[in-house]
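Number of protein chains: 2
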Amino acid sequence: MEQILPHLDSVFSIDCVLFGFDGKELKILLIERNEEPFKDWWALPGNIVGPDESLDQSASRILYELTGLRGIFMEQYYAFGDPNRHPQGRVITLAYYALIRLGGDKELRPVSNYAKRANWLPITDLPRLAFDHQKIYDKGLEKIKRRIKHQPIAFELLPEKFTLTQLQHVYELIIGKKLDKRNFRKKILGFGVLKELDEKQKGVSYRAATLYRFDKRKYAKLFGKEISF
Amino acid sequence: MEQILPHLDSVFSIDCVLFGFDGKELKILLIERNEEPFKDWWALPGNIVGPDESLDQSASRILYELTGLRGIFMEQYYAFGDPNRHPQGRVITLAYYALIRLGGDKELRPVSNYAKRANWLPITDLPRLAFDHQKIYDKGLEKIKRRIKHQPIAFELLPEKFTLTQLQHVYELIIGKKLDKRNFRKKILGFGVLKELDEKQKGVSYRAATLYRFDKRKYAKLFGKEISF
DNA sequence: ATATAGTGTGTAATTTTTACACTAAGTAAT
DNA sequence: ATTACTTAGTGTAAAAATTACACACTATAT
Numbered sequence: 001m002e003q004i005l006p007h008l009d010s011v012f013s014i015d016c017v018l019f020g021f022d023g024k025e026l027k028i029l030l031i032e033r034n035e036e037p038f039k040d041w042w043a044l045p046g047n048i049v050g051p052d053e054s055l056d057q058s059a060s061r062i063l064y065e066l067t068g069l070r071g072i073f074m075e076q077y078y079a080f081g082d083p084n085r086h087p088q089g090r091v092i093t094l095a096y097y098a099l100i101r102l103g104g105d106k107e108l109r110p111v112s113n114y115a116k117r118a119n120w121l122p123i124t125d126l127p128r129l130a131f132d133h134q135k136i137y138d139k140g141l142e143k144i145k146r147r148i149k150h151q152p153i154a155f156e157l158l159p160e161k162f163t164l165t166q167l168q169h170v171y172e173l174i175i176g177k178k179l180d181k182r183n184f185r186k187k188i189l190g191f192g193v194l195k196e197l198d199e200k201q202k203g204v205s206y207r208a209a210t211l212y213r214f215d216k217r218k219y220a221k222l223f224g225k226e227i228s229f
Numbered sequence: 001m002e003q004i005l006p007h008l009d010s011v012f013s014i015d016c017v018l019f020g021f022d023g024k025e026l027k028i029l030l031i032e033r034n035e036e037p038f039k040d041w042w043a044l045p046g047n048i049v050g051p052d053e054s055l056d057q058s059a060s061r062i063l064y065e066l067t068g069l070r071g072i073f074m075e076q077y078y079a080f081g082d083p084n085r086h087p088q089g090r091v092i093t094l095a096y097y098a099l100i101r102l103g104g105d106k107e108l109r110p111v112s113n114y115a116k117r118a119n120w121l122p123i124t125d126l127p128r129l130a131f132d133h134q135k136i137y138d139k140g141l142e143k144i145k146r147r148i149k150h151q152p153i154a155f156e157l158l159p160e161k162f163t164l165t166q167l168q169h170v171y172e173l174i175i176g177k178k179l180d181k182r183n184f185r186k187k188i189l190g191f192g193v194l195k196e197l198d199e200k201q202k203g204v205s206y207r208a209a210t211l212y213r214f215d216k217r218k219y220a221k222l223f224g225k226e227i228s229f
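Heads up: the sequence lines are chains P and Y, in that order.
Using UniProt numbering, read the first sequence as starting at 1 and increasing by one per residue.
Using UniProt numbering, read the second sequence as starting at 1 and increasing by one per residue.
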């Protein structure tokens with residue numbers, strides 16, 4: 001409930017964990033800060049929520065400003081509001097994660113002034129992060145680990161047309177363990193949400209794999225049924 | 001990321017969906033508003049986050065002020081921040097749910113001045129709610145529906161000692177469908193997190209059921225394994 | 001022609017899930 | 001003490017899902 005509206009000093013921001021997949025590794029986008037506090041540290045990209053923006057809009061804007069990308073899958077997952085999380089005052093931050101297919105590094109725009117640069121860094125080898133951003137990242141990874149078991153979010157990290165091996169690779173990276181090829185295929189095809197294309201992988205120096213596409217319409221029909229890995 | 005700290009007009013509140021179980025029904029605690037906007041409407045209890053409170057502390061405080069209870073299981077689950085959700089200005093609110101065993105109505109303290117009264121109302125028959133509280137409630141229910149399938153939260157709604165039938169009842173109410181008694185028992189006992197007591201139910205006019213207790217230590221050992229209903 | 005590297009496929013054993021109905025135990029009423 | 005009533009407590013067989021496991025095929029590169 002909300003009654004009177006006092007003028008309070010709480011600042012309200014959004015921080016994003018942008019997960020990217022380049023076909024090999026899972027990476028996240030970090031910026032190198034150009035300002036105190038934590039000048040020269042790596043941090044999650046984020047910003048203040050504008051007065052007339054919805055939260056989701058604000059998250060999309062932050063992502064757009066950094067990458068030039070629109071229409072990316074993003075989800076809010078937690079609010080961090082410890083009174084001491086920011087050395088200069090109370091800042092409550094909402095965490096979003098996004099899932100992005102990386103193809104070439106053209107997605108990186110010139111970054112805004114508060115950062116020296118932005119970089120995609122593999123999650124297997126992250127630097128120390130500013131503020132409580134390690135905690136925010138950890139919780140984000142945990143979230144997608146759980147999500148991928150029940151929702152078709154893996155596709156967001158892949159090009160529209162992908163091979164089953166690529167898909168399996170994404171699952172293995174996120175869940176963090178190897179899966180059996182035959183069982184994986186049996187299961188994922190069993191859900192009936194993939195459309196097999198008349199097209200093969202190109203540019204590989206071995207037998208080319210069949211390409212598939214995620215079929216949203218078939219997925220919609222599944223509604224209510226549990227997907228589980 | 002957070003840079004300078006501008007003085008912004010955003011107000012920051014917490015709203016709580018307090019789920020209570022009295023042995024029969026699932027209820028939530030609603031307050032009847034005494035102030036504009038939405039005077040005389042039912043609303044979720046909530047409040048402004050204090051300047052030195054953590055978010056979890058703030059949620060616990062709100063719950064304590066309303067019910068006199070401490071140590072209740074609460075979890076933050078979503079932030080609602082549509083620019084128009086509050087008619088008098090921008091209010092971003094964090095939603096928490098809590099799970100409470102109701103035993104006698106002694107838990108209800110005199111409520112603060114912004115409310116006429118507070119009442120536990122069965123979720124099967126809720127009034128129209130103020131602001132976007134219907135949406136907040138809906139998302140909260142959805143959340144515990146998913147949660148109860150993978151985490152031992154049902155026990156929070158029951159007395160320390162409970163019968164398997166009572167436990168099944170809670171599952172049925174939250175998940176929203178009937179379960180088979182034998183299969184339920186087989187499965188839940190199979191997890192090995194219940195301790196059978198040497199004690200029977202009292203005060204019933206039929207064969208008394210065995211009482212059980214949730215065993216946190218055994219549960220801790222399960223860590224990593226999936227519980228699934 | 002041959003080496004190489006990843007694709008694509010089936011089955012049997014095991015485990016988990018589902019569906020299903022009767023007897024036992026305690027209380028209340030007579 | 002008999003009876004009626006109400007819920008507790010239990011097992012099994014069939015079906016479905018999961019696991020473990022290995023080899024032949026195909027495209028390319030040399």
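Built from N, CA and C at the ideal position, the CB exists for glycine as well.
The alpha carbon of Y96 (chain P) has as its nearest neighbour, out of P:E32, P:I28 and P:T210, the alpha carbon of P:I28.
Note on the UniProt domain "Nudix hydrolase" (9 to 143) of chain P: whole alpha helix (DSSP H) runs with a minimum of 4 residues are 55 to 67, in chain order. The secondary-structure analysis by DSSP pairs T210 (chain Y) across a beta bridge with Y:K200. Membership of T165 (chain Y) in the alpha helix (DSSP H) is indicated by the continuous run L164 to I175.
Using beta-carbon distances, F229 (chain P) does not count as an interface residue toward chain Y, since no partner is under 8 Å.
For D82 (chain Y), the residues of chain P that pass the 7 Å Cβ criterion are S54, in the order they occur in the chain. Counted as a single uninterrupted DSSP element, the alpha helix (DSSP H) harbouring F184 (chain Y) occupies residues K181 to G190. About 12 Å separates the Cβ atoms of F155 (chain P) and F191 (chain P), ruling out a contact at the 8 Å cut-off. Taking a C-beta distance under 8 Å as the contact criterion, L44 (chain P) and L129 (chain P) qualify as a contact pair. With respect to the C-alpha of L55 (chain Y), the residue from P:L189, P:A79 and P:W42 having the closest C-alpha is P:A79. I72 (chain P) and G20 (chain P) do not touch by the CB rule: their CB atoms are close to 10 Å apart, not below 8 Å. The beta carbon of S60 (chain P) does not come within 8 Å of any beta carbon belonging to chain Y, so the residue lies off that interface.
Taking 8 Å as the CB threshold, A79 (chain Y) lines the interface with chain P. Counting only the Cα atoms, D52 (chain P) lies some 27 Å from N84 (chain P). With 16 or more other CB atoms across the displayed protein chains lying within 10 angstroms of its CB, R90 (chain P) is buried. Within chain Y, A79 have C-beta atoms less than 7 Å from the C-beta of L94 (chain P), given in sequence order. DSSP places K195 (chain P) in the strand class (E or B) of the three-state scheme.
Chain-order list of chain Y residues neighbouring Q76 (chain P): Y78 and A79, by C-beta distance under 8 Å. DSSP lists P:R213 as the beta-bridge partner residues of K161 (chain P). One thing to note: I188 (chain Y) has its Cβ within 8 Å of the Cβ of L194 (chain Y). For R117 (chain P), same chain residues with a beta-carbon under 6 Å away, outside a window of 5 residues either side, are E32 in chain order.
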